[in-house]
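>
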Amino acid sequence: MGEPTFEEALSQLEALVARLEAGDLPLEEALRAFEEGVRLTRLCAARLEDAERRVHLLTRTPEGTEQEVPFDPGNEGEVHG
């Protein structure tokens with residue numbers, strides 16, 4: 056089986072955090088859970104970075120042609136051409 060999807064990894068990470076926050080894991084098990092949490096965090100971050108690179112907004116230029124503009128989450132829907 057391959058790497059989990061973003062949603063699966065996030066769900067696993069949330070479950071690990073809940074177990075760690077409960078505070079009742081033996082030290083070695085808590086360390087393994089922490090290490091797995093770090094791995095899942097990195098996987099989720101990489102998937103989000105990949106998704107951000109792939110997302111583009113199609114906008115219309117003043118001439119009426121469509122132009123691809125890289126997605127900017129801070130742009131809040133405003134398009135500057």
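Heads up: the sequence shown runs through residues 56 to 136, numbered per the working numbering.
Note that beta-carbon positions come from the ideal geometry of N, C-alpha and C, so glycine has one too.
(1) Taking the CB atoms as reference points, tell me whether F89 and L75 lie closer together than 9 Å.
(2) Can you find the residues in the same chain that come closer than 8 Å, C-beta to C-beta, to G136, ignoring five residues on each side of it along the sequence?
(3) Pick from A100, T120 and G78: whose alpha carbon is nearest that of F61?
(4) In whole angstroms, what is the alpha-carbon distance linking A85 and L68?
(5) What is the residue span of the alpha helix (DSSP H) that T96 lies within?
(6) State the DSSP-derived secondary structure class of E58, mapped to helix, strand or coil.
By the coordinates alone:
(1) Along the sequence shown, read from residue 1 onward, the residue named residue 89 stands at position 34. Along the sequence shown, read from residue 1 onward, the residue named residue 75 stands at position 20. Taking 9 Å as the Cβ cut-off, F89 and L75 qualify as a contacting pair.
(2) Here residue 136 refers to the residue found at position 81 when the sequence shown is read from its first residue. Unreliable placement is indicated for G136, whose pLDDT of 49 sits below 50; no coordinate value is reported for it.
(3) Here the question's residue 61 lines up with position 6 in the sequence shown. Nearest C-alpha to F61: A100.
(4) Looking up residue 85 in the sequence shown gives position 30. Looking up residue 68 in the sequence shown gives position 13. In a straight line, the C-alpha of A85 is about 13 Å away from that of L68.
(5) Looking up residue 96 in the sequence shown gives position 41. Element bounds for T96: L82 to R109.
(6) In the sequence shown, residue 58 corresponds to position 3, counting from 1. The answer is coil: DSSP assigns E58 none of H, G, I, E or B.
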